[in-house]
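So the structure is just underneath, and the comments pick up after that.
Number of protein chains: 2
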Amino acid sequence: MNSAPENARQTATPRPRPGGRTARIRTQVLDAVHAELTEHGYDALTIDTVAARAGVHRATVYRRWRDVGGLIADVFAAAADIDWEPLDSGSLRGDLAALNEEIQASLTEQPSIAAALIAVSFRSEEAARALRQLWESRYAQCEIVVERAVRRGEIPADTDARAVLIAATAPLYHQLVLLRTPADPGLPDRIADSAARGAAAGAFTQQDSTDAS
Amino acid sequence: MNSAPENARQTATPRPRPGGRTARIRTQVLDAVHAELTEHGYDALTIDTVAARAGVHRATVYRRWRDVGGLIADVFAAAADIDWEPLDSGSLRGDLAALNEEIQASLTEQPSIAAALIAVSFRSEEAARALRQLWESRYAQCEIVVERAVRRGEIPADTDARAVLIAATAPLYHQLVLLRTPADPGLPDRIADSAARGAAAGAFTQQDSTDAS
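First to last, the sequence lines map onto chains H and E. All residue numbers in the first sequence are consecutive under the working numbering, ending with 213. All residue numbers in the second sequence are consecutive under the working numbering, ending with 213.
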C-alpha cells in the first residue's frame, strides 16, 4: 500500500481536487488525523483533538465525519483516490522493484502514515475493511505490470498477476511491518528479482493453483 | 510463527515441563491469558481478570508476572520454548508446504492465539520485541529445510536460507494477517512451489544481495 501523496513516482498532474472551502476543510481535517495517528496513535484519536489540531469547528467535524470511524474511513478513501500508476521500466523485475521501493519508502518514512494505518487495522474492523479495499484497488492498478511482462514474452501468458504481485511485495511487508527489521536498501530489488524469476519459471501460472497437491 | 502447542506436526515427545505447583500455576495463568486475549483482546487484559479466570490468587500473579507486559512476555517465552522441528518430506517444496500448512492452521484456527499475538504486537513495544524474537528463533529452526535442499543438490550451495524462508511464508501472513483474505487451501503449497522454484533458479543466492542494482 502506498498512501503517500507526495510520492515521487506519482503521475505529474494530480487529479484536481473539488475546490473551495469544503475541500480545504477536508484536507485540514485529514492532515490532522494523520498527525494525531502518527504522533499519539489510535487510542488518543478523538473528534475534539482532530478539530482543534485542524483549526476547524468541532461541530463541523461531528456533522461531516460523525465519529473516529468516519475519520479513519475517509483517510482510507482519500488514499485510494490518489491518481497513481506503476512505473513502466521495461522489465518485470524493474517494475516490481520500483513498486517495492515505493512501498519501502512509504513504510519507513518518519512518520509513516502507511504503517500507522496498518496498525489501526488491528484496532478497528472498519479500518481493517477499508485497508483491504485500498490494497485491493492498489493490486488491481498494478496488474498492468504483469500484463506488460506477458506481452513482452517474459513470463507465461496464463500467469496469475495477483499471485506475482503478492509474492513480490509480501516479504517487504513481512520484514518491515511484522518482523519490524530495519529497512534493507537491497531488499526491494532482491525480492522483485526472485518473484520475476519465479514467474518466468512458470511458478505463478493459473493452472498451478488447480494441480497443486 | 506457529505457537499452537497442540499442533499435529510437533515432535511426538514434548519436552517435559519442570513439574510441580509452580509449573501448574504458570500453565493455568498462560492459558487464561490466551483465553482473555482471543475473547476480549488486549485492551481488556488485566492481572485481575487473568487471575480470576486462572483460579489463581491475584497476589501470586502480581508477584510472578508484575503486570500485563510480564504476562505477554511469558506467553511469547512459552511459545518459543515448544519443542518443534520442521517436517523432512524429502523435497524443498514439500518441506516449505508443510511449514505453510502449519502457519495457515495456526492463523485460522478459532480462536487463533497466533493472530491475537500479532495484533498485540501493534499495541505494545514489549510484545513487538518478543514476537520478533519468537520469529527469529522459528526461522533459525527452519534453516535446516534449506540446508537439506542444498545437500540434495536441489538449490545452489550459497542460497540465503532466511531469504527463501521469508519468500515462502510471507505471502501467507500477508494474505491472512494483513489483507485478511479467507484461507485458501491451495495457497500453502503454491507459494512453497514458487519459492522452491525461485531458489532452484538461483534467485536467493547470497551474492544476489550484493550485485543487486
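A virtual CB, placed ideally from N, CA and C, is assigned to each residue, including glycine.
Identified DSSP bridge partners for E:Thr27: E:Thr27 pairs with nothing; no bridge assigned.
Spatial neighbours of H:Ala12 within its chain, please: C-beta separation below 7 Å, excluding the five flanking residues on both sides. A caution first: H:Ala12 carries a pLDDT of 45, below 50, which makes its placement in the model unreliable, though a value can still be read off. For H:Ala12, where only same-chain residues beyond five positions count, there are no Cβ hits under 7 Å.
Residues in the segment 195-208 of chain H with C-beta within 7 Å of chain E's C-beta atoms, listed in sequence order? For the segment 195-208 of chain H, which is checked against every Cβ of chain E, the residues closer than 7 Å are Arg197, Gly198, Ala201, Ala203, Phe204, Asp208.
Closer than 7 Å by C-beta to E:Ala73: which residues in its own chain qualify, once you throw out the five before and the five after it? Chain order, please. If we look at E:Ala73 and ignore the five residues flanking it on each side, its Cβ neighbours are Glu126, Ala130.
Rounding to the nearest angstrom, what Cα-Cα distance links H:Ile47 and H:Ala78 in this structure? Rounded to whole angstroms, H:Ile47 and H:Ala78 show a C-alpha spacing of 18 Å.
Short Cβ contact (8 Å threshold) for H:Asp166 with E:His174: It should be noted that the sequence gives Ile, not Asp, for residue 166 of chain H. Cβ atoms of H:Ile166 and E:His174: closer than 8 Å.
Own chain, CB closer than 8 Å to H:Leu187, minus 5 neighbours either side, in chain order: Asn100, Gln104, Pro171, Leu172, Gln175
Validate contact between the segment 50-58 of chain H and the segment 154-165 of chain H using beta carbons, cut 8 Å, 3 pairs: Using a Cβ-Cβ distance cut-off of 8 Å, the segment 50-58 of chain H and the segment 154-165 of chain H are not in contact, since fewer than three pairs of beta carbons, one from each stretch, lie closer than that value.
Quick one: which residues of the segment 154-171 of chain E get their C-beta closer than 8 Å to a C-beta of chain H? List them in chain order. Ala163, Ile166, Ala167, Thr169, Ala170, Pro171
Okay, do the segment 90-99 of chain E and the segment 181-197 of chain E touch, 3+ Cβ pairs below 8 Å being the bar? yes
Taking a cut of 9 Å between CB atoms, which residues from the segment 76-91 of chain H lie near chain E? none
Would you report the Cα separation of H:Tyr139 and H:Gln110, rounded to the nearest angstrom? 24 Å
Restricting to Cα atoms, I'd like to know which of H:Ala23, H:Leu134, H:Arg21, H:Thr108 is closest to E:Arg180. H:Leu134
Pick from H:Arg24, H:Ser89, H:Glu36: whose alpha carbon is nearest that of H:Ala192? H:Ser89
Considering just the uninterrupted stretch of the alpha helix (DSSP H) at E:Gly94, what are its terminal residues? 92-108
Just the Cα atoms here: how many angstroms apart are E:Pro156 and H:Ala201? 16 Å
Residues near H:Ser121 in its chain [Cβ-Cβ closer than 6 Å; skip 5 each side]: So the qualifying residues of the chain are Ala127, Ala128, Leu131.
How would you label H:Glu36, buried or exposed, when you count the other beta carbons within 10 angstroms and need 16 or more for buried? Flag for H:Glu36 reads buried.
Within-8 Å CB hit, E:His34 to chain H: no
Taking 8 Å as the threshold (beta carbon to beta carbon), is E:Leu178 in contact with chain H? So, interface residue.
If we define contact as Cβ-Cβ less than 8 Å, is H:His174 a contact residue for chain E? yes
For the segment 122-140 of chain E, which residues have a beta carbon sitting closer than 7 Å to at least one beta carbon of chain A? Absent from the structure is chain A; the protein chains it does hold are H and E.
CA-CA distance, H:Val50 and H:Ala119? If you take the alpha carbons of H:Val50 and H:Ala119, they lie about 19 Å apart.
What does the alpha-carbon distance come out to for the pair H:Arg151 and H:Glu143? Distance between the alpha carbons of H:Arg151 and H:Glu143: 13 Å.
Is E:Thr46 helix, strand or coil when you go by DSSP? coil
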